[in-house]
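Counted from 1, the sequence shown has number 376 at position 376 by the UniProt record's numbering; the numbering is strictly sequential.
Idealized CB from N, CA, C, for every residue including glycine.
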Amino acid sequence: MFLSILKGDVVISLIFTCLLNNELNMSHMNPPIAKKVEKELIIHDDVRLDNYYWLNDKEDKEVISYLEAENSYYETLTAHTKEFQENLFLEMKGRIKEDDSSVPYKLNDYWYSTRYVIGGEYPLYSRFKQHLNAEEEIMFNGNEMAKGHDYFSLGGIAISPDNKLAAFGVDTVSRRQYTLQVKNLETGVILEDKIVNTTGGGVWANDNKTLFYTRKDPVTLRSDKIYKHKLGTPTTEDVLIFHEDDDTFSTFIYRTKSKKYLVIGSFSTLTSEFQILPTDNPDGEFVVFSPRKRGLEYTIFHYENYFYILTNKDKAENFKLMRTSEEETESEHWQEFIPHREEVLLEDIDIFKEYYVLSERENGLNKIRIIRWDGTEEYFLPFQSETYTAYVGSNPDFDTEILRYSYNSMSTPSSVIDFNMRTKLKDVKKEQEVLGGQFDKENYKELRLWATARDGEKIPMSLVYRKDTVLDENTPLLQYAYGSYGATIDPYFSTVRLSLLDRGFVYTIAHIRGGEYLGRRWYDTGKLMQKKNTFTDFIDCSKFLIEQKMTSAKHLYAMGGSAGGLLMGAIINMQPDIYKGIIAAVPFVDVVTTMLDDSIPLTTGEYDEWGNPNEKEYYDYMKSYSPYDNVVSQEYPNMLVTTGLHDSQVQYFEPAKWVAKLRDLKTDSHQLFLNTNMEAGHGGASGRFESLREVAKEYAFFLDLEGKIA
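Set out below in structure tokens:
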């Protein structure tokens, strides 16, 4: 029986074969075919033809019909995995403690923590006055607040200095446009003050009635304005404090840990600038700390009568620490405090009354360095493994000798540790529980390997697998990477990943250029006119794993999301024959068109990451790797592409157009699915456990291809 469904001009042909048992023979179902409407895109005397540009309009019912048809196609052809997906979901959920809670931290005589209740998708935000045995005060119940919403995010909770008020932001659409409100924590009443289109956070002045916040451009969603709100006054009377009119910059506001200053920050990929104002003088004028200079990056921290500046000044590629007095803050007055080191990336500093703590990275490994202000003592926290992740946690309390940090590895669950910087004694406050009775970290092996890239660079990879997994050409291996914005994907523990490892998969993180795993140079040589290093590094890691007979092209899988989805699109254009299947989550694949459209969120602020295609040099280079522009008539791997209709970072139409073009040109019969979450944005589902259903879908895709869904 043949059925044609006409929705607008999109014709979706479905072939149903009546079997003896009346079940659908899914192997004969045709995919949705998007119509072609030729559109010429012309710049630099170059013409690009985009047949699927019409998919950009989500207000068009025909566009929604196409996305829904793709979802139906995906659901039908993966129907045989539904029971397995549910089992995976229950398996993953079963490892997680439902009534879990965070380790409390102290701030202004209160202990703060979050906890979950059995059956709840969202946390409860609580506090205890002075000591943890005090009566619990529930500030926010995420489960109650989320009722009636398909998506819910609570962000930016900021407690007033007198502990009586809490500013908070709520997003129920998943476009990261938060409505900012204030709750009286003594009465439980939410004040009438309601501010829309913010980043979600607020910053209090010391008077407990002045709230500073960041607003977004309603079209581009760039964080471009800082406002001041006085409680009890109409939000229409809020005062614009600062407008960041350079559209390559975004702005934000925060309060120093010393509580002495409010700080407005402006940042682009390569440049930063700050303005300061004493928190006791909210109606005063912010003063520029040091004027922006292109290529000069800096971040400021306050301690006693000095500011400490983490900066790349004087060509300090891996950053150094400088300091200056409160009275003379411009860059010509900065004095070197911790010098630049070629082999060590200085990532952050945490300031305490008696100590300061440096977060460093050397040869890809995290190091935590503790130094007394008086210079009498300096040491590193000891870490032995080669594939661990260690980082300084939340330490809002200034007057303490306790440093809180976290540690985990690909086979070791995360621990939260309180370390006494004076006595050097550590107190493990919490170890991540893996429920179900099946997990034993001794059953897993982790290691770090180095592949040689085509230009001679050594590319590190972190791997984990069960010790009883045989490594040969028949071993399924999932390779993951991100590779942009200097974001480093450290080797971390994951309970959900166990569902792959326990079924014989090897999991690999490729620390490719574009991240900062090996320092700032690693980032700089993976962006702009060297962006292709990101893609070739990933491919060369894949080839290395195949050459080492740890897997083969018949069992090698790849996965990446957002800019990592761009990576997926690039590698399958360049080397489609070495991957059995890939997942591209919310992928940034229509690079040229997006970077030419300055009305799209994030575009103008990312010219220093990708290049500005309004300049021909960048246009030509970008076009040479943009996945959408380079789809050709060839065989492609099995593919699952996911997106969210309300995504503000990578618009849904990029993956939709990409899949439509792939369907038209690819010469194989491999699976190609587009699955759109019609209720969510860039981060997918918001619930704690509902998000696991998306992971179950992804893992089922790989495991089905590998014949492991029984």
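For T179, the residue or residues it bridges with in DSSP:
Start at 1 with the first residue of the sequence shown, and residue 179 comes out as number 179. According to DSSP, T179 bridges with V170.
C-beta contact flag for R48 and T594 at 9 Å
Translated into the one-based positions of the sequence shown, residue 48 becomes position 48. Translated into the one-based positions of the sequence shown, residue 594 becomes position 594. No, they are not a contact pair.
Under a three-way DSSP split, which group does Q438 fall into?
On the sequence shown, residue 438 is found 438 positions in, with the first residue counted as 1. Three-state DSSP puts Q438 in coil, outside helix and strand.
C-alpha gap between K228 and T210, whole angstroms:
Here residue 228 refers to the residue found at position 228 of the sequence shown. Here residue 210 refers to the residue found at position 210 of the sequence shown. Distance between the alpha carbons of K228 and T210 is about 7 Å.
Going by DSSP in three states, G142 sits in which element: helix, strand or coil?
Translated into the one-based positions of the sequence shown, residue 142 becomes position 142. Helix, per DSSP.
Since Q479 is in the beta strand (DSSP E), which residue starts that stretch and which ends it?
Here residue 479 refers to the residue found at position 479 when the sequence shown is read from its first residue. Q479 -> beta strand (DSSP E) spans L477 to Y480.
Would you mind stating whether A563 and F538 have Cβ atoms separated by less than 9 Å?
As a working note, residue 563 is residue 563 in the sequence shown. As a working note, residue 538 is residue 538 in the sequence shown. It is not a contact, given that the beta carbons lie outside the stated cut-off.
Give the DSSP-derived three-state secondary structure of K97 in the structure shown.
As a first step, residue 97 must be located in the sequence shown, where it is residue number 97. Three-state DSSP puts K97 in coil, outside helix and strand.
CB contact flag (A584, G569, <9 Å)
Counting from one through the sequence shown, the residue named residue 584 turns up at place 584. Counting from one through the sequence shown, the residue named residue 569 turns up at place 569. In contact: A584 and G569 (Cβ atoms closer than 9 Å).
Rounded separation between L107 and D397 - CA only
Your numbering for residue 107 matches position 107 in the sequence shown. Your numbering for residue 397 matches position 397 in the sequence shown. Answer to the nearest angstrom: the Cα atoms are 6 Å apart.
So F301 is in the alpha helix (DSSP H); what residue range does that whole segment cover?
Looking up residue 301 in the sequence shown gives position 301. No alpha helix (DSSP H) holds F301; the beta strand (DSSP E) holding it covers Y298 to Y303.
Can you list, in chain order, the residues of its chain whose CB lies under 7 Å from that of L449, leaving out five sequence neighbours each side?
Position 449 of the sequence shown, counting from 1, holds the residue named residue 449. Answer for L449: M461 and L463, listed in chain order.
I'd like the list of long-range same chain contacts for K208, defined as Cβ closer than 8 Å, with 5 residues on each side in sequence excluded.
Walking along the sequence shown from the start, residue 208 turns up at place 208. Inspection of the sequence shows that residue 208 is occupied by Asn rather than by Lys. If we look at N208 and ignore the five residues flanking it on each side, its Cβ neighbours are S160, P161, D162, K164 and L165.
Leaving aside the five residues before and after G519 along the sequence, list all residues of the same chain whose C-beta is less than 6 Å from its C-beta, in chain order.
For the purposes of this step, residue 519 is taken as residue 519 along the sequence shown, with counting starting at 1. Closer than 6 Å at Cβ, skipping near neighbours: N318 and L345.
Which partner residues does I349 have in the DSSP bridge list?
Indexing the sequence shown from 1 puts residue 349 at position 349. For I349, which the question treats as bridged, DSSP gives the partners L358.
Can you name, in chain order, every residue of its own chain whose Cβ lies under 8 Å from the Cβ of M139, other than the five neighbours on each side?
Taking the sequence shown and counting its residues from 1, the one referred to as residue 139 is at position 139. Excluding residues within five positions, the ones whose Cβ falls inside 8 Å are Y125, S126, R127, I157, A166, K183 and L185.
Please look up how many angstroms separate the CB atoms of D150 and E679, rounded, as I've assumed it's under 8 Å.
Locating residue 150 in the sequence shown gives position 150, counting from the first residue. Locating residue 679 in the sequence shown gives position 679, counting from the first residue. Contact holds; Cβ gap of about 4 Å.
Is the beta carbon of Y482 less than 9 Å from the beta carbon of N408?
The count along the sequence shown starts at 1 and reaches residue 482 at position 482. The count along the sequence shown starts at 1 and reaches residue 408 at position 408. No; because the gap between Cβ atoms is not below 9 Å, this pair is not in contact.
Range of the contiguous alpha helix (DSSP H) that encloses I539
Position 539 of the sequence shown holds residue 539. It spans K532 to E547 - the alpha helix (DSSP H) in which I539 sits, taken as one unbroken run.
Tell me whether P104 sits in a helix, a strand or coil according to DSSP, three-state version.
Stepping through the sequence shown from its first residue, residue 104 is reached at position 104. Coil.
Excluding the five sequence neighbours on either side, which residues of its own chain have a C-beta within less than 8 Å of the C-beta of V117, listed in chain order?
The residue labelled residue 117 in the question sits at position 117 within the sequence shown. Closer than 8 Å at Cβ, skipping near neighbours: E98, D99, L124 and N143.
Please report the distance separating the alpha-carbon of I571 from that of E297.
One-based indexing of the sequence shown puts residue 571 at position 571. One-based indexing of the sequence shown puts residue 297 at position 297. Their Cα atoms are separated by approximately 32 Å.
Do you know whose CA, among D238, N630 and S266, lies nearest Q575's CA?
Here the question's residue 575 lines up with position 575 in the sequence shown. The shortest C-alpha separation from Q575 is found at N630.
Using the beta-carbon count (16 or more within 10 Å), is N474 buried or exposed?
Position 474 of the sequence shown holds residue 474. So N474 counts as exposed.
Quick check on DSSP: helix, strand or coil for G560?
Working through the sequence shown from its first residue, we reach residue 560 at position 560. Correct three-state label for G560: strand.
Is Q275 buried or exposed, if buried means 16 or more other CB atoms sit within 10 Å of its CB?
Here residue 275 refers to the residue found at position 275 when the sequence shown is read from its first residue. The residue in question, Q275, is buried, as its Cβ has 16 or more Cβ neighbours within 10 Å.
Measure the alpha-carbon distance for T78 versus L154 and round it to whole angstroms.
Position 78 of the sequence shown, counting from 1, holds the residue named residue 78. Position 154 of the sequence shown, counting from 1, holds the residue named residue 154. Rounded to whole angstroms, T78 to L154 spans 33 Å at the Cα level.
To the nearest angstrom, report how far apart G443 and G119 are at their CA atoms.
Mapped onto the sequence shown, residue 443 falls at position 443. Mapped onto the sequence shown, residue 119 falls at position 119. It is Asn, not Gly, that sits at residue 443 in the sequence shown. Rounded to the nearest angstrom, the two C-alpha atoms are 31 Å apart.
Check F242 in the structure and name its three-state DSSP category.
Position 242 of the sequence shown, counted from the start, is the residue given in the question as residue 242. F242 falls in the strand class under three-state DSSP.
The alpha helix (DSSP H) that contains A451, what's its start and end?
By one-based count along the sequence shown, residue 451 stands at place 451. Here A451 belongs to no alpha helix (DSSP H); instead the beta strand (DSSP E) covers Y444 to T452.
Would you kindly work out how many angstroms separate the C-alpha atoms of L672 and K36, rounded to a whole number?
The residue you call residue 672 lines up with position 672 of the sequence shown. The residue you call residue 36 lines up with position 36 of the sequence shown. Their backbone Cα atoms lie some 19 Å apart in a straight line.
Counting along the chain, where does the alpha helix (DSSP H) carrying N675 start and finish?
On the sequence shown, residue 675 is found 675 positions in, with the first residue counted as 1. Careful: N675 lies outside any alpha helix (DSSP H), inside the beta strand (DSSP E) at L672 to N677.
What residues are listed by DSSP as bridge partners for M568?
For the purposes of this step, residue 568 is identified with residue 568 of the sequence shown, where counting begins at 1. None; M568 has no bridge partner.
Going by DSSP, name the residue or residues bridged to E326.
Taking the first residue of the sequence shown as 1, we reach residue 326 at position 326. Bridge partners of E326: none, in fact.
Is P613 close to chain C, meaning its C-beta is less than 9 Å from at least one C-beta of that chain?
Here there is only one protein chain, and chain C is not present.
K225 in three-state terms, based on DSSP
As a position in the sequence shown, residue 225 is number 225, starting the count at 1. K225 falls in the strand class under three-state DSSP.
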